[in-house]
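Undergrad:
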Amino acid sequence: MLRTEVVRNILSWYEGETPGLKSNLSRLLMHGRLGGTGRVVILPVDQGFEHGPARSFAPNPAAYDPHYLYELAIESGVSGYAAPLGLLEQGADTFAGEVPLILKVNSGNGLVSNQDQAITGTVEDAMRLGCVGVGFTIYPGAEASYDMMEELREISHEAKSRGLISVVWSYPRGGKVSKDGETGLDIIAYAAHMAALMGATIIKVKLPTAHVDLDAAKPIYDKHAIKGETAADRVRHIMQASFNGKRIVVFSGGAAKNTQELLDEVRGIREGGGNGSIIGRNSFQRSKEEAIALLNQVMDIYA
1 MLRTEVVRNI LSWYEGETPG LKSNLSRLLM HGRLGGTGRV VILPVDQGFE HGPARSFAPN
61 PAAYDPHYLY ELAIESGVSG YAAPLGLLEQ GADTFAGEVP LILKVNSGNG LVSNQDQAIT
121 GTVEDAMRLG CVGVGFTIYP GAEASYDMME ELREISHEAK SRGLISVVWS YPRGGKVSKD
181 GETGLDIIAY AAHMAALMGA TIIKVKLPTA HVDLDAAKPI YDKHAIKGET AADRVRHIMQ
241 ASFNGKRIVV FSGGAAKNTQ ELLDEVRGIR EGGGNGSIIG RNSFQRSKEE AIALLNQVMD
301 IYA
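The opening position of the sequence shown corresponds to residue 1 in our numbering, with each subsequent residue numbered one higher.
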């Protein structure tokens, strides 16, 4: 497929990046049902680390098999598949070249209480597996956030020097951020902006609520009438915080929800100018037939 003008325009935003990185970003943007539209839907499966195997896969036991997850990504026509090292290795040969891969190189787990993640993969692993990029989580606000930012700086520099994109999961928590603030409009905008400042190629954040969390931010949001009444308003503000829309931003599907709730969120993301969704539990916890049908509904909205 010839690269579209939409994709050419997006690539022009990434000034200072190498041809290799832009080639890999183009691979992602041109793949699957949404290829060439500038919109993406990515299948992420890092929940086994985060929540444990039964909480992740018991609702659909077929998903315990790494090959099943590759098949779901390929057969649904999503833009890419993101997962930790072991999941990508188990299927990398069988499905080589059939879907763009993103190696998630750090992970936390539900057996510890501190807000941090361990490095669980390397840029060399991503190159060996033929990935288009690496994924990395930061927790703005957490006690470990400065260390995570420094780790991201090093990994991002190495990845970009090898032509790989960086996908940054920017999930604020801890510090001055309240529990409601973890999805607050001001906090999500702050998290997206921090990821952009760190050089993220693609930014992944949660869909924000209308809540404004920081006392210092509340008068600014009031004075400048920053809109947050609708999902589209809130997404529009997140895009504004992401270099005025000159960074690709995808929104997390979050915890499992019913189909209508998920599709309503997707419509808000589309109407607000977001680039797409990254949908894990809401897809792989359904049967393959149901998951493919859902993902196709999502991609129909974005298309």
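For every residue, glycine included, the Cβ atom is placed at its ideal position computed from N, Cα and C.
Using the beta-carbon count (16 or more within 10 Å), is M148 buried or exposed?
TA: By the beta-carbon neighbour count (other beta carbons within 10 angstroms, threshold 16), M148 is buried.
Undergrad: Roughly how many whole angstroms lie between the Cα atoms of Y190 and T94?
TA: 41 Å
Undergrad: Measuring CB atoms only, is the region 217-229 touching the region 242-258, in the sense that at least three cross pairs come out at less than 8 Å?
TA: Between the region 217-229 and the region 242-258 there are fewer than three inter-stretch CB-CB distances shorter than 8 Å, so the stretches are not counted as touching.
Undergrad: Quick test of your reading: L85 and D125, contact by CB under 8 Å. State the CB separation rounded to the nearest angstrom.
TA: Contact annotation, L85 with D125: C-beta distance approximately 6 Å; criterion of less than 8 Å satisfied.
Undergrad: Suppose the cutoff is 7 Å on Cβ atoms and the five residues either side in sequence are ignored; what does the same chain contact list for T137 look like?
TA: If the five residues before and after T137 are omitted, its C-beta is found closer than 7 Å to the C-beta atoms of N106, Q117, W169 and Y171, all from its own chain and listed in chain order.
Undergrad: CB T183 to CB T201, shorter than 8 Å?
TA: For the pair T183 and T201, the CB atoms are not nearer than the 8 Å cut-off.
Undergrad: Judging by CA-CA distance, which residue of A62, N258 and G268 is the nearest neighbour of R236?
TA: G268
Undergrad: Going by the beta-carbon positions, is the gap between L43 and G280 smaller than 8 Å?
TA: yes
Undergrad: Taking the straight line between their C-alpha atoms, what separation do you get for E71 and A144?
TA: Those two C-alpha atoms are separated by around 36 Å.
Undergrad: Would you mind working out which of P100, H157, A241 and Y139 sits nearest T122, comparing C-alpha positions?
TA: H157
Undergrad: Would you decide whether L2 is buried or exposed? Buried here means 16 or more other CB atoms lie within 10 Å of its CB.
TA: exposed
Undergrad: Could you say which of A142, Y68, A159 and L152 lies nearest to K22 if we only look at CA atoms?
TA: A159
Undergrad: Just verifying my parser: in three-state terms, what is the DSSP assignment at K257?
TA: coil
Undergrad: Identify whether V7 lies in helix, strand or coil by the three-state DSSP scheme.
TA: helix
Undergrad: Who are the near neighbours of L263 in its chain, counting only those whose CB is closer than 8 Å to its CB and skipping five residues on each side?
TA: Q297, V298 and I301
Undergrad: Where C131 and L87 are concerned, what is the direct C-alpha to C-alpha distance, given to the nearest angstrom?
TA: 13 Å
Undergrad: Skipping 5 residues on each side, what residues in its chain have a beta carbon closer than 6 Å to that of H67?
TA: G91
Undergrad: Could you check which residue in G199, A232 and G181 has the C-alpha nearest to that of H211?
TA: G181
Undergrad: Reducing DSSP to helix, strand and coil, say where G135 ends up.
TA: strand
Undergrad: Quick one, which of N114, S79, G163 and E261 has its alpha-carbon nearest G97's?
TA: S79
Undergrad: Go through its chain and collect everything with a Cβ distance to I355's Cβ below 7 Å, but skip five positions before and after it.
TA: The requested residue 355 does not occur in the structure, where the chain is confined to residues 1 to 303.
Undergrad: Helix, strand or coil for Y70 per DSSP?
TA: helix
Undergrad: Pull up the distance between the alpha-carbon of D186 and that of I165, whole angstroms please.
TA: 27 Å
Undergrad: Do you know offhand how far L29's Cα is from L103's?
TA: 17 Å
Undergrad: Have a look at V167 and K176 and give me their C-alpha separation to the nearest angstrom.
TA: 25 Å
Undergrad: Label S76 either buried or exposed according to how many other C-beta atoms from any shown protein chain fall within 10 Å of its C-beta, with 16 as the threshold for buried.
TA: buried
Undergrad: So who's on the other strand from P44, going by DSSP bridges?
TA: According to DSSP, which records beta bridges pairwise, P44 is partnered with A82.
Undergrad: Under 8 Å by Cβ, that's how I've got G141 and G163 pegged, so tell me the actual separation to the nearest angstrom.
TA: Beta-carbon to beta-carbon, G141 and G163 are separated by about 32 Å, too far to satisfy the 8 Å threshold.
Undergrad: Between A293, L11 and A192, which lies nearest to Q260 when the distance is taken from Cα to Cα?
TA: A293
Undergrad: Per DSSP, what kind of secondary structure is L185 in: helix, strand or coil?
TA: In the structure shown, L185 sits in a helix (DSSP, three-state: H, G or I).
Undergrad: Taking just the CA atoms, how far does A58 sit from M127?
TA: 32 Å
Undergrad: Taking only three categories from DSSP, how would you classify V298?
TA: helix
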